[in-house]
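> Letter by letter, the sequence shown follows residues 392 to 497 in our numbering. Glycine included, C-beta positions come from ideal geometry on N, C-alpha and C. Predicted, not measured: the structure shown is a model, and the values here were computed from it.
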Amino acid sequence: MKHEKITRYKNFINEIYKEGQAGDTYKKSWLTDVALRSNPKLTSYKINNMIRTVWSAEGATKNNTGYEIPEMSVFEDYLNSVTNPDVKKVKGKNAMVDKAKTENIK
Numbered sequence: 392m393k394h395e396k397i398t399r400y401k402n403f404i405n406e407i408y409k410e411g412q413a414g415d416t417y418k419k420s421w422l423t424d425v426a427l428r429s430n431p432k433l434t435s436y437k438i439n440n441m442i443r444t445v446w447s448a449e450g451a452t453k454n455n456t457g458y459e460i461p462e463m464s465v466f467e468d469y470l471n472s473v474t475n476p477d478v479k480k481v482k483g484k485n486a487m488v489d490k491a492k493t494e495n496i497k
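1) Can you name the residues that DSSP bridges to Lys453?
2) Measuring only the C-alpha atoms, how far is Gly414 from Val473?
3) Considering just the uninterrupted stretch of the alpha helix (DSSP H) at Asp415, what are its terminal residues?
4) Using a Cβ-Cβ cut-off of 8 Å (strictly less than) and excluding sequence neighbours within five positions of Pro431, which residues of its own chain qualify?
5) Between Tyr408 and the rest of its own chain, which residues show a CB-CB distance below 8 Å, the 5 nearest in sequence each way excluded?
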């Protein structure tokens, strides 16, 4: 199940960068269309959850005009944090501090 979810997120993120550029801001409707192109079988619940989750990553921002596409590294860091439990990167937390704490525990 987790592997399927990560694959779904990767496909969505790759599709975003095929059609948009870092620094551009898009409406949720555009992101929904992109998600459906990445996987036409997605439900609206999964799409909304995916958008909300991906834009909770540190470095991703949502403003009054829409969702700003961050540098690709922001989403790569997020996906790495999901696949590697030793690295956590969430808004409001310093990932380097979290990683250092984890390394010191080993």
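Looking at the coordinates:
1) In DSSP, Lys453 forms a bridge with Tyr458.
2) 24 Å
3) Element bounds for Asp415: n/a, residue is neither H nor E.
4) none
5) Ile460 and Met463
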